[in-house]
């Protein structure tokens, strides 16, 4: 058994940590700090509570920081070999487990679980074992460990063997595949994933739907949950942070620039805006969103020159060819719509592909309609953030396949994400909604969206884990 003289009472494990490092030209290290629910949650516990965040070195700067012994208090970064990390992260987590849980495979051609898959799966096991061993070394007797996401599904079971005294939790930020899709995995791999997860005392999911899907898989393929408890924690938007950040100087500057890009109608009136902010992940359904907007312009020519689709599609996982191809298709289709319908004074689609959080917040403030139409999404925080920041009230057109639909569906205009014609109809309904109804819906959306802010979301999980 691993050493139990570590000092940490609360430990978080995730692929990406709260800090990252770049090597500058002069050889010095530049530190970048991240945010999000876990950072907020650990901050809420207090610095004297003995907290530790175990994460992976993700790039050359991170590995150099580990080599030099540079680090942040309360963070342990693991220098897992770059090739092992690449196999585990891109080869398995993002190219297999992500695809299974989001049901994204083109079934006639994929998946193919061949010898290369087996080689990469061995790296995934190695990667998970490195986390389990580090947590076992660092955790105090009876400490609480909260493991994050599909990158680390094997950790709870591995850690349970090393440290049976610990309280172990796991939280899934993605959907969970239904049994008929999950069984696509090789039988032994499916068993490993489930037994790894069931090594936890408690599993957390974003919605009841995903929790039920996991329970169904466990019952069909692992004989049930055993002693593992399952809970639901619907991560909400951080209203205070968003409202304050959305009115800082850089956001105000972006609003001026966006308004200039959007322009006005030939008679000088303000144009309406349909806003989307996404990463170019295959599940986000950006292409069908553009097709629905084109359908709107086809079916209702009276909206030409009067509306602009502000689409931010920030590149994601560009080291995978399928993601590069998808990003290129988004850009191609936006250009095609602009070429087909655009006029000297009107660009129908304002597309930005360079990540810019301040510009995203500016778009939230300006949005008349927010389009959130994923084919499958664990939650989708954009759906929760836009109503909080919107200045004039914003109609949410929301896919019924987004986790957020469980909480926001009654006040949104729900769509089948595959139905382009119906989505176009919903966009028109959103654009023509009376101002009073739009304002009331926005108010109720914002209340639902902020019901469980990030710090409370994390603390609720921790308290439930400790309560047994």
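In this note's numbering, the protein residues as written are -2 to 465.
Glycine included, C-beta positions come from ideal geometry on N, C-alpha and C.
Alpha-carbon to alpha-carbon, residue j and residue i
i, j, result
"residue 235", "residue 111", "44 Å"
"residue 322", "residue 93", "18 Å"
"residue 25", "residue 75", "20 Å"
"residue 319", "residue 159", "38 Å"
"residue 205", "residue 331", "36 Å"
"residue 291", "residue 189", "45 Å"
"residue 97", "residue 267", "44 Å"
"residue 36", "residue 300", "43 Å"
"residue 118", "residue 260", "52 Å"
"residue 207", "residue 100", "13 Å"
"residue 143", "residue 7", "8 Å"
"residue 410", "residue 64", "52 Å"
"residue 73", "residue 61", "14 Å"
"residue 264", "residue 294", "19 Å"
"residue 439", "residue 81", "46 Å"
"residue 134", "residue 20", "29 Å"
"residue 470", "residue 57", "The structure shown does not extend to residue 470, since the chain is modelled only from -2 to 465, so the question has no answer here."
"residue 29", "residue 315", "21 Å"
"residue 451", "residue 289", "33 Å"
"residue 211", "residue 170", "13 Å"
"residue 382", "residue 454", "16 Å"
"residue 215", "residue 221", "5 Å"
"residue 123", "residue 59", "19 Å"
"residue 430", "residue 396", "18 Å"
"residue 195", "residue 154", "7 Å"
"residue 469", "residue 131", "Because the chain here runs from -2 to 465, residue 469 falls outside it and cannot be looked at."
Delimiting residues of the alpha helix (DSSP H) encompassing residue i
i, result
"residue 155", "152 to 159"
"residue 192", "184 to 194"
"residue 98", "95 to 98"
"residue 82", "79 to 83"
"residue 270", "Taken as a continuous stretch (DSSP letters only), residue 270 belongs to no alpha helix (DSSP H), being part of the beta strand (DSSP E) at 269 to 276."
"residue 120", "112 to 135"
"residue 443", "432 to 446"
Buried/exposed call for residue i, threshold 16 Cβ in 10 Å
i, result
"residue -2", "Confidence at residue -2 is low in this model, with a pLDDT of 36, below 50, so its placement is unreliable and the value that follows should be read with caution. By the neighbour-count rule (16 or more Cβ atoms within 10 Å), residue -2 is not buried but exposed."
"residue 324", "buried"
"residue 460", "exposed"
"residue 0", "Only weak support exists for where residue 0 lies, its pLDDT of 43 falling under 50; the value from the coordinates is given anyway. Exposed, because fewer than 16 other Cβ atoms sit within 10 Å of the Cβ of residue 0."
"residue 161", "exposed"
"residue 177", "exposed"
"residue 369", "buried"
"residue 148", "buried"
"residue 437", "exposed"
"residue 172", "buried"
"residue 404", "buried"
"residue 224", "exposed"
"residue 275", "buried"
"residue 298", "exposed"
"residue 445", "buried"
Closer than 7 Å: residue i CB and nearest the ligand ATP heavy atom
i, result
"residue 380", "With respect to the ligand ATP, the structure offers nothing, as it holds no ligand at all."
Beta-carbon separation (whole angstroms), residue i vs residue j, contact threshold 8 Å
i, j, result
"residue 361", "residue 386", "4 Å"
"residue 232", "residue 203", "6 Å"
"residue 462", "residue 166", "4 Å"
"residue 9", "residue 145", "7 Å"
"residue 164", "residue 198", "6 Å"
"residue 137", "residue 4", "6 Å"
"residue 393", "residue 442", "6 Å"
N-terminal and C-terminal residue of the beta strand (DSSP E) that residue i is part of
i, result
"residue 166", "164 to 168"
"residue 311", "304 to 311"
"residue 5", "5 to 10"
"residue 50", "48 to 53"
"residue 27", "26 to 30"
"residue 179", "Looking at the DSSP string, residue 179 is not in any beta strand (DSSP E); the run it does join, the alpha helix (DSSP H), is 176 to 179."
"residue 367", "366 to 369"
"residue 18", "16 to 20"
"residue 473", "An answer regarding residue 473 cannot be provided, because it is not within the stretch -2 to 465 covered by the chain."
"residue 210", "Here residue 210 belongs to no beta strand (DSSP E); instead the alpha helix (DSSP H) covers 205 to 218."
Task: Any 3 or more C-beta pairs closer than 8 Å across the segment 250 to 265 and the segment 371 to 378 - done: no
Task: Three or more C-beta pairs below 8 Å linking the segment 45 to 62 and the segment 103 to 110 - done: no
Task: Contact between the segment 398 to 411 and the segment 349 to 363 (3+ Cβ pairs under 8 Å) - done: no
Open item on the list: Under 8 Å: do the segment 279 to 298 and the segment 239 to 248 share three or more Cβ pairs, one atom per stretch?
Closed with: no
Open item on the list: Three Cβ pairs or more, each shorter than 8 Å: is that satisfied between the segment 386 to 395 and the segment 302 to 309?
Closed with: no
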